[in-house]
Amino acid sequence: MSVTFSINGVKVEAATGDNVLDTARTNGFEIPSLCHHEAVSPYGACRLCLVEINKGGRKKITTSCNYEVLDGIDVKTDSPEIHKHRAMVLELILAEAPKSEQVQALAAQYGVKQSRFANAKNDEAQKDRDNCILCGLCTRVCSEIVEVNALTFNGRGDKRGVGSPYLEQPQTCIACGACAWVCPTDCIGFSEEDGVRKVHRWGRELPMAKDENGRPVAPVFQLHHFKKRVGLPDDFFKKAPGSR
Amino acid sequence: MPRIASAKALESYRKEQKKLRPENQRFLAICAGTGCKAYGSDKVVAAFAEELKKAGLSDEVKIRATGCHGFCERGTLVVFQPEGILYQRVQPDAVPDIVERTIKNGEIIEDHLYDDPSTGEKYKYEKDIPFYKHQNRLILGMNGHIDPCSIDDYIALDGYSALVKAFDIGPDKVLEEVKASTLRGRGGGGFPAGRKWETCRNVASDKRYVICNADEGDPGAFMDRSILEGNPHSVIEGMIIGALTIGSDEGYVYVRHEYPLAVERLGIALQQAREKGFLGENILGTGLNFDIKINRGGGAFVCGESTALMASIEGKVGEPRAKHIHTVVSGLNDKPSNLNNVETWANVPLIVKKGAKWYTSIGTKGSPGTKIFSLVGKVNNTGLVEAPMGMTLRQVIYDVGGGIPGGKEFKAVQTGGPSGGCLPKEKLDLPVDFDTLWEEGSMMGSGGMIVMDERNCMVDVAKYFLGFLKFESCGKCTTCREGVKRLHELVTDVTEGKGTMETLELIQQLCDTVEVGSLCALGQTAVNPVRSTLKLFREEYEAHVKDHKCPAAVCKELITYTIDEEVCTGCLVCGKRCPQDAILGTKKKPHTIVQEKCIKCGICEDVCKYDSVRVA
Ligand SMILES: Cc1cc2nc3c(=O)[nH]c(=O)nc-3n(C[C@H](O)[C@H](O)[C@H](O)COP(=O)(O)O)c2cc1C
Ligand code: SF4
Ligand code: SF4
Ligand code: FES
Ligand code: FES
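Chains as they are written, first to last, in our numbering: chain A, 1388 to 1631; chain B, 986 to 1601.
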């Protein structure tokens, strides 16, 4: 079923169940975000995607990533007020991830060059967090796309963190690197060296299987996992890429 | 005893139970609530049982171990019924004397009577004590009359008659009545219960849930605990009526992890209700099937939030989700779910029994009925207070609460729990109801009321609540996790004299974004304590910032302790008690404090009998 509503005065269409953020982007409207990816379910953590939604005469500033499209709503993707709140949110996030280039760039777009919360005390407190903004993209990609559930949040409030369930090497992690790829602040770290795949933040190290020419392909676990999920022949990854 | 199979059978059973409890039956209502238990009320109960047996009076004078009477400060409470004489602070070793003199000989032992700390007057009857006299205990009143582990006690006092009436008039009429009563949710939001029920009922679905929120996480709050511990059947009866009206066959009570006694008594009550035929299949022969399960909370404050609570019942992490779709439409297991607070449910039988017209005659137009408050802080009578809505703050604090102890001056009252606000002296004559408190930048919340005097620093108060919320935030969303943490840091800076006028400005700005930007109501309302104090006690913030002074002499970094040489008698007491050995002085010579060593613990001020320690 399709839904019709307006974004910044322009009429748009979307399917029931779609969210406002993806619909806006498809239609060429810009809304910033740090915890959203269209391949995984919306989460609503970063609070950057705030927009103004007018529903039946009631105006409300709320997040667009987890707002399901509705007939007749009016969405405004920017206003001085929204801008002000996004700038403040970015100031908060910049203090969490001072080294992240993406965060710096986004903050600059909103006129934030320096976070008023970034100071020596903060650097000390954020040391263990090491640029992680707790967006939950890695956990969602790991459970929804890779389907191995190797990552989870731990703690609560200002003690919240992310990692493997007992903060040991995540046993189900196949070292596929999807988390590192999706992480908006590049704080996970991923490398392949001497036939060993490493996912740094989680401390996972796996030797890689080699193909018939002796070239490392991917960690053994990952290949098993893929073969099982896609139903590939047992020797699929043994063959060199050209002969598969 | 088999299940009671019809309304008629219930009435004859009730008659039997009433007969077993004649009105002139002498009994001791001994409080066995959590507060009095901590004072040793179990031993008091045991001692009375033994002494009465020895005296051969076990049949003549019965014992009822009841739930909380609200005046926990004075526990263990013993009420002699049917006269209504109250003995307070009863210790087990006083029991033989009480049995001999009071129960056998009818003598009143003055020492056990309540004495008003402000007037010194003694009171014999519970009902005359100012703390009780100004209350209207519609919900809590029954606590003093029933043994919470006895469904028969409840039935004898017309328990489950509202349920019979509900079956009689049918769900449509019940809904009409609850809507007309304009009962508002007691868990904090004040949303009209009837409207919530109606929405839930009208969602097309093969399954609906009714849920009771007993997570009660506000620091110092214990109204819900006292209802569950003292009168669990009133909540169960309310929920069955809700199930009938909404069309549900499955209910949950989500009880806070730290409430073992409530869980135990609720468990017993549910079992009894099942055995008697009020729960399970074909309730009272009407064809209604409904049962209630207990779910023990995960221990986090945020689990009291509706979406987090339901996630937690589902066995998931208790974190809130966006509420663009309400839980009445899609809640527990994605089914329409009606969540109400313990106190809200306990109001339901009353409304059904006595009607909306009666109910709306109590309280105010916008907020009918009563509200239970937990009155604590700098007030003479602390405890659970049930007052009609619309009573003024002054009446609650002075008439019921007996005013401020130690001749100190009232400064503010914090209402609404950790996300509430502070109201100053000028607001004392405001009526306490949902809308008025909200308009004043505070809220009703679940009914917390903390009274503060001149020695409470409002910046420090804001810091305390922010610290609580920083710890209790689930940490999912940036504005709450980072925002509240930063607010706590900024306010801490102010209390340490490190704040500037820019700090105050930044606090303001950050409050705006945390309120608008947070995912759930925890973050959205977390700014209230700091925002309300910054608005109403701005000069106190500025004193910290501009003069580096804490006017209430609380913030350690900004105060110094000194000894007034004119007054000090050189008694040596403070010097002995100072943990830092920071006080110098010899006998009968004025003492002095070595500032470099002083950690500002305030012990010297507390122990000085001559009031010679100055703090500024
Ligand atoms: C952080 C947070 C904690 C809450 N804790 C409780 C609680 O302990 N008990 C409660 O009844 N409601 C609590 N609420 C309110 C509930 O979300 C919900 O509104 C309420 O249980 C609905 O019942 P009512 O309409 O009868 O008040 C809390 C809300 C938030 C945001
Ligand atoms: S590690 Fe990266 S992807 Fe994972 S929560 Fe932190 S910022 Fe997000
Ligand atoms: S507002 Fe706070 S408690 Fe609510 S979802 Fe966000 S972080 Fe969690
Ligand atoms: S993208 Fe919506 S909250 Fe992060
Ligand atoms: S526990 Fe006894 S009066 Fe509250």
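By construction, the Cβ of each residue, glycine as well, lies at the ideal position given by its N, Cα and C atoms.
This structure is a prediction, so every number in the text was calculated from the model and none was measured.
Buried or exposed by the 16-neighbour rule on C-beta atoms within 10 Å, applied to residue i
i       : result
A/D1581 : exposed
B/I1114 : buried
B/G1368 : buried
B/T1400 : buried
B/D1209 : buried
A/W1589 : buried
B/K1531 : exposed
B/P1334 : buried
A/K1500 : exposed
B/V1552 : exposed
B/S1291 : buried
A/A1605 : buried
A/S1389 : exposed
A/H1470 : exposed
A/L1538 : buried
B/V1604 : One cannot answer for residue 1604 of chain B here, as it falls past the ends of chain B, which runs 986 to 1601.
Same chain, Cβ closer than 7 Å to residue i, five either side skipped, listed in chain order
i       : result
B/G1560 : I1568, G1570, H1576
A/C1570 : L1524, C1525
B/Q1509 : E1500, S1503
A/C1422 : Y1430, A1432, C1433, C1522, G1523, L1524
Closer than 7 Å: residue i CB and nearest ligand 5 heavy atom
i       : result
B/L1062 : yes
B/F1056 : yes
B/G1018 : yes
B/C1053 : yes
B/C1134 : no
Residue i beta carbon near ligand 1 (any heavy atom closer than 7 Å)
i       : result
B/T1329 : yes
B/R1074 : no
B/G1223 : no
B/L1324 : yes
A/N1541 : no
Beta-carbon proximity list for residue i, same chain, < 8 Å, skipping 5 on both sides
i       : result
B/I1136 : G1144, H1218, A1254, Q1257, A1258, K1261
B/L1475 : G1484, T1488, L1491, I1492, L1495
B/V1159 : A1151, I1226, L1229, T1230, V1337
A/S1420 : L1408, C1433, L1435, C1436, C1452
B/K1003 : A1141
B/E1045 : R1011
Residue i to residue j span [Cα, whole Å]
i       : j       : result
B/D1384 : B/K1278 : 41 Å
B/N1332 : B/G1283 : 27 Å
B/G1386 : B/R1086 : 31 Å
B/Y1546 : B/M1443 : 20 Å
B/L1451 : B/A1285 : 16 Å
A/C1437 : A/Q1496 : Contrary to the premise, residue 1437 of chain A reads as Leu rather than Cys in this sequence. Distance between the alpha carbons of A/L1437 and A/Q1496: 16 Å.
B/N1366 : B/A1247 : 24 Å
B/S1103 : B/V1364 : 11 Å
A/E1599 : A/L1610 : 15 Å
B/G1354 : B/Y1139 : 22 Å
B/A1511 : B/D1203 : 13 Å
B/P1133 : B/V1220 : 12 Å
B/D1566 : B/T1061 : 40 Å
Residue i Cβ short of 7 Å to ligand 2 heavy atom set
i       : result
A/L1481 : no
A/T1572 : yes
A/G1523 : yes
A/V1586 : no
A/I1520 : yes
A/I1575 : yes
A/C1566 : yes
A/V1535 : no
A/V1569 : yes
Residues near residue i in its chain [Cβ-Cβ closer than 6 Å; skip 5 each side]
i       : result
B/M1428 : G1401, G1405, L1422
B/D1234 : N1274, F1275
B/V1080 : A1032, F1033, E1036
A/K1447 : I1440
B/K1461 : E1304
B/R1006 : A1141
When a residue counts only if its C-beta is closer than 6 Å to some heavy atom of ligand 4, which residues count, in chain order?
A/S1420, A/L1421, A/C1422, A/H1423, A/G1431, A/A1432, A/C1433, A/R1434, A/L1435, A/C1436, A/T1450, A/C1452
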